[in-house]
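Protein chains in written order, with this note's numbering: chain U, 1 to 114; chain D, 1001 to 1508.
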């Protein structure tokens, strides 16, 4: 029985098992947040550049910094840290839930044996 | 930055910082074993994060990034995003899985996962080439600082720097010095940020967080001197910006000496949280580095120095020249020089040692002398260490770009070869030896093909080599998938290992 359960092809696009499916789902979400933030900020900066003069671009500031410097140089690294923290919190909770489930299973099967 | 006299105060600070690290390393090594100076002691997740950041912090971070800002303005933001965003890929796709494989080097991983000595040897050769390229970036940083410290020209400074690196490794090895990476990180980050705060304060900017305060310098440069940082994509297209950015991210998740961090952490949860702390510590550097490039321009403008300097040597010294022109005391510039030297030394020493270990372990007994004894391997490692140092030194005499550009080439090669090999090795059970060998060979070709644009003009339409992994990595993945599907699948054992030991495939 165990053979048939583990002897399966591993694929990111066809995850097997509850835990792997959950992990891959979270990875997709994090990667989407990562990709959209990078491409989205650059698209926004590009649109600003196309629609406003250089002078105005440097006048649009946030915390002293021109908006494009702030978005790319300050916000994106901070966003990456936030994504990593969220991923880790999910993974920790997921691991704790699984451990909890495994313990309950052991206790139940121990009682049945009694 | 040309000086003709020895800079005594900065030199004393450089010597003092190295003495501090060696003394601390001696204390550390008496408490724990250290292998090739990379093991180090971990005290909790912050300690792991500091070790990741200290391992990461090189001349490219300390000197090169500010130089890119100085010369290319917003384009350099691609480095900031690339070198931080890559850690997201590393965390979600690789960190915990690599820890579960339990292999200690990238060639070890490739050899075990793909069950192929040829794949392992190819990975070792690629790792050594990456080491050489990355080493050239460090040597250039070391040579520029040595040149300024001793008042000598660049070429003799490369030779003096190489001698100092070899001497440092020999003395450290003879004394059994371990790297106290936590101390090293906190000393380096202080050396990097403190002068920045002092400069911002002197200028009357928001000095408590100079990472934001330097925005006023951008405004002053424009209003007082008419120097506007170029429009974001005026000189470089948004496609090229993204190509560089993604190349650096794929490379970050494929650099052998970065990946090796995760084999050594005590637990999987520690590995994950260590990445977050490491990313935060690294981000502290990258939030700050642009300020040096901007302030160097501002002080030059105030000093009446011509503002359209495009000299890469001047740009790579922007961190030191900013402090020098600011009028801050000599110890401040000494602190930065010491930090830059220390970051470059520890990186290049670690790279050369792991490169020579890889040669003596993965290549020498497999390709050159099949019945080599342990003593032979030790001699091979020592000989190859010297050979590597000479190769890196020779290439550093005529470097092909700025510090950050040279480092970016190493990232491109890693992103085109090691990154796809690890990604599919972890996440696709069907990937096999033929696939990874074809993929890595294709990755090598993709990385270096833009250099042939002189002979084959149609290649000039391609992005530069430093941005090649944006298209290259997906292409290599396609090659790996196609070749793997056309050849026999990997063994039942390795597929079962992936399903049981690397991923949790049980149903609840």
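Glycine residues also receive a C-beta, built at the ideal position from the N, C-alpha and C atoms.
So if DSSP puts residue i in a beta bridge, which residue, or which two residues, is it bridged to?
{"i": "residue 65 of chain U", "result": "U/62"}
{"i": "residue 11 of chain U", "result": "D/1428"}
Just the chain D side, please: which residues come within less than 9 Å of residue i by C-beta, in chain order?
{"i": "residue 56 of chain U", "result": "Neighbours of residue 56 of chain U on chain D: none; closest Cβ ~11 Å, over 9 Å."}
{"i": "residue 173 of chain U", "result": "The first residue shown for chain U is 1 and the last is 114, placing residue 173 of chain U beyond what the model contains."}
For a contact meaning CB atoms closer than 7 Å, what does residue i contact in chain U?
{"i": "residue 1091 of chain D", "result": "84, 87"}
{"i": "residue 1222 of chain D", "result": "58"}
{"i": "residue 1212 of chain D", "result": "63, 64, 65"}
{"i": "residue 1206 of chain D", "result": "64"}
So which residues on chain D does residue i lean against when the C-beta distance must stay under 7 Å?
{"i": "residue 34 of chain U", "result": "1085, 1088"}
{"i": "residue 81 of chain U", "result": "1276, 1279, 1280, 1283"}
{"i": "residue 91 of chain U", "result": "1272"}
{"i": "residue 125 of chain U", "result": "A query on residue 125 of chain U cannot be resolved here, the shown segment of chain U reaching from 1 to 114 and no further."}
{"i": "residue 51 of chain U", "result": "Chain D residues near residue 51 of chain U: none, gap ~12 Å exceeds 7 Å."}
{"i": "residue 40 of chain U", "result": "Within chain D, no residue comes near residue 40 of chain U; the closest Cβ sits about 12 Å away, beyond 7 Å."}
{"i": "residue 75 of chain U", "result": "The premise fails here: residue 75 of chain U is roughly 10 Å from chain D at the closest Cβ pair, so nothing lies under 7 Å."}
Could you list which residues in chain D have their beta carbon closer than 8 Å to that of residue i, in chain order?
{"i": "residue 17 of chain U", "result": "1503, 1504, 1505, 1506, 1507"}
{"i": "residue 67 of chain U", "result": "What residue 67 of chain U touches in chain D: nothing, since even the nearest Cβ is about 10 Å away."}
Which bits of chain U does residue i rub up against, with CB to CB less than 9 Å?
{"i": "residue 1245 of chain D", "result": "38, 42"}
{"i": "residue 1406 of chain D", "result": "Ordered by position in chain U, no residue passes the 9 Å Cβ test against residue 1406 of chain D, which lies about 22 Å from the chain."}
{"i": "residue 996 of chain D", "result": "Absent from the structure is residue 996 of chain D, since the part of chain D shown begins at 1001 and ends at 1508."}
Applying a beta-carbon distance threshold of less than 8 Å, which residues of chain U neighbour residue i?
{"i": "residue 1216 of chain D", "result": "64"}
{"i": "residue 1547 of chain D", "result": "Summary: the structure shown does not reach residue 1547 of chain D, with chain D confined to residues 1001 through 1508, and so no result is reported for it."}
Quiz item: Would you call the stretch 1406-1414 of chain D and the stretch 1467-1480 of chain D touching, i.e. three or more CB-CB distances under 8 Å?
Solution: yes
Quiz item: Is the stretch 1250-1260 of chain D touching the stretch 1080-1098 of chain D in the sense that three or more CB pairs, one from each, lie closer than 8 Å?
Solution: When C-beta atoms of the stretch 1080-1098 of chain D are compared with those of the stretch 1250-1260 of chain D, three or more pairs fall below 8 Å, so the two segments count as touching.
Quiz item: Quick one: complete alpha helix (DSSP H) runs, 4+ long, within the stretch 1390-1439 of chain D?
Solution: 1403-1416, 1418-1427
Self-check item: Three CB pairs or more closer than 8 Å across the stretch 1198-1208 of chain D and the stretch 1066-1075 of chain D
Solution: Cβ pair count under 8 Å is below three, so no.
Self-check item: Interface positions of the stretch 1494-1505 of chain D facing chain U (Cβ-Cβ less than 8 Å), listed along the chain
Solution: 1495, 1496, 1498, 1499, 1500, 1502, 1503, 1504, 1505
Self-check item: Length-filtered (3 minimum) beta strand (DSSP E) runs lying within the stretch 1236-1321 of chain D
Solution: none
Quiz item: Between the stretch 8-26 of chain U and the stretch 40-52 of chain U, are three or more C-beta pairs nearer than 8 Å?
Solution: Judged by Cβ distances under 8 Å, the stretch 8-26 of chain U makes no contact with the stretch 40-52 of chain U, as fewer than three pairs qualify.
Quiz item: Between the stretch 1419-1430 of chain D and chain U, which residues of the former have CB atoms less than 8 Å from a CB of the latter, in chain order?
Solution: 1427, 1428, 1429, 1430
Quiz prompt | Stretch-stretch touch, CB-based, cutoff 8 Å, three pairs: the stretch 1349-1362 of chain D with the stretch 1324-1331 of chain D | solution = no
Practice problem: Quick one: which residues of the stretch 1077-1089 of chain D get their C-beta closer than 7 Å to a C-beta of chain U? List them in chain order. | Solution: 1077, 1080, 1081, 1084, 1085, 1087, 1088
Practice problem: Count the C-beta pairs between the stretch 1156-1163 of chain D and the stretch 1135-1142 of chain D that are closer than 8 Å, then say yes if the count reaches three, no if not. | Solution: yes
Exercise. Determine, using beta-carbon pairs with one atom in the stretch 1214-1233 of chain D and one in the stretch 1053-1067 of chain D, whether at least three such pairs fall under 8 Å.
Key: In this structure the stretch 1214-1233 of chain D does not touch the stretch 1053-1067 of chain D; the number of beta carbon pairs closer than 8 Å is below three.
Quiz prompt | Meets three-Cβ-pair contact criterion under 8 Å: the stretch 1474-1487 of chain D and the stretch 1432-1439 of chain D | solution = yes
Quiz item: Within the chosen definition, does the stretch 83-91 of chain U reach the stretch 1274-1282 of chain D through at least 3 CB pairs nearer than 8 Å?
Solution: Short answer: they touch.
Quiz prompt | Contained alpha helix (DSSP H) runs [length at least 4] in the stretch 1074-1144 of chain D, N- to C-terminal order | solution = 1077-1089, 1096-1101, 1106-1114
Quiz item: Taking Cβ-Cβ distances below 7 Å as the criterion, which residues of the stretch 1062-1078 of chain D are in contact with chain U?
Solution: 1074, 1077
Quiz item: Which runs of the alpha helix (DSSP H) fall wholly inside the stretch 1192-1237 of chain D and span at least 4 residues, in chain order?
Solution: If we require 4 residues or more, the alpha helix (DSSP H) runs fully inside the stretch 1192-1237 of chain D come out as 1210-1213, 1215-1225.
Quiz item: At a cut of 8 Å, does the stretch 1378-1387 of chain D reach the stretch 1442-1461 of chain D through at least three beta carbon pairs?
Solution: no
Exercise. Mind checking the stretch 1346-1364 of chain D against chain U and listing, in chain order, the residues whose C-beta falls within less than 8 Å of any C-beta there?
Key: Within the stretch 1346-1364 of chain D, no residue has its Cβ closer than 8 Å to any Cβ of chain U.
Quiz item: Three or more C-beta pairs closer than 8 Å, one from the stretch 1117-1132 of chain D and one from the stretch 1387-1406 of chain D: is that the case here?
Solution: With a cut-off of 8 Å, the stretch 1387-1406 of chain D and the stretch 1117-1132 of chain D count as touching, because enough Cβ pairs lie within range.
Quiz item: Quick one: any contact between the stretch 1089-1102 of chain D and the stretch 1359-1375 of chain D, if contact means 3 or more CB pairs under 8 Å?
Solution: no
Exercise. Could you run through the stretch 1223-1242 of chain D and flag, in chain order, every residue whose CB is less than 9 Å away from some CB of chain U?
Key: 1228, 1229, 1230, 1231, 1232, 1233, 1234, 1238, 1241, 1242
Quiz item: So does the stretch 1206-1220 of chain D actually touch the stretch 1440-1448 of chain D, counting three or more Cβ pairs closer than 8 Å?
Solution: no
Quiz item: Taking one C-beta from the stretch 1002-1022 of chain D and one from the stretch 70-77 of chain U each time, how about it: are there three or more such pairs within less than 8 Å?
Solution: no
Quiz item: Do the stretch 1108-1125 of chain D and the stretch 1334-1341 of chain D meet, that is, are 3 or more Cβ pairs less than 8 Å apart?
Solution: No, because fewer than three Cβ pairs between the stretch 1108-1125 of chain D and the stretch 1334-1341 of chain D fall closer than 8 Å, the two stretches do not touch.
Quiz item: Would you call the stretch 1041-1055 of chain D and the stretch 1245-1253 of chain D in contact, with 3 or more CB pairs under 8 Å?
Solution: no
Practice problem: For the stretch 1276-1295 of chain D and the stretch 73-81 of chain U, state whether three or more C-beta atom pairs, one from each stretch, are separated by less than 8 Å. | Solution: Pairwise C-beta distances place the stretch 1276-1295 of chain D in contact with the stretch 73-81 of chain U, as three or more of them are shorter than 8 Å.
Quiz item: Residues in the stretch 1090-1120 of chain D with C-beta within 9 Å of chain U's C-beta atoms, listed in sequence order?
Solution: 1091, 1092, 1093, 1096
Quiz item: What residues from the stretch 1290-1319 of chain D come within 8 Å of chain U, judged by C-beta to C-beta, listed N to C?
Solution: 1290
Quiz item: When the Cβ atoms of the stretch 1171-1183 of chain D are set against those of the stretch 1046-1056 of chain D, are three or more pairs found closer than 8 Å?
Solution: yes
Quiz prompt | In chain order, each alpha helix (DSSP H) run of at least 4 residues that lies wholly inside the stretch 1038-1067 of chain D | solution = 1044-1056
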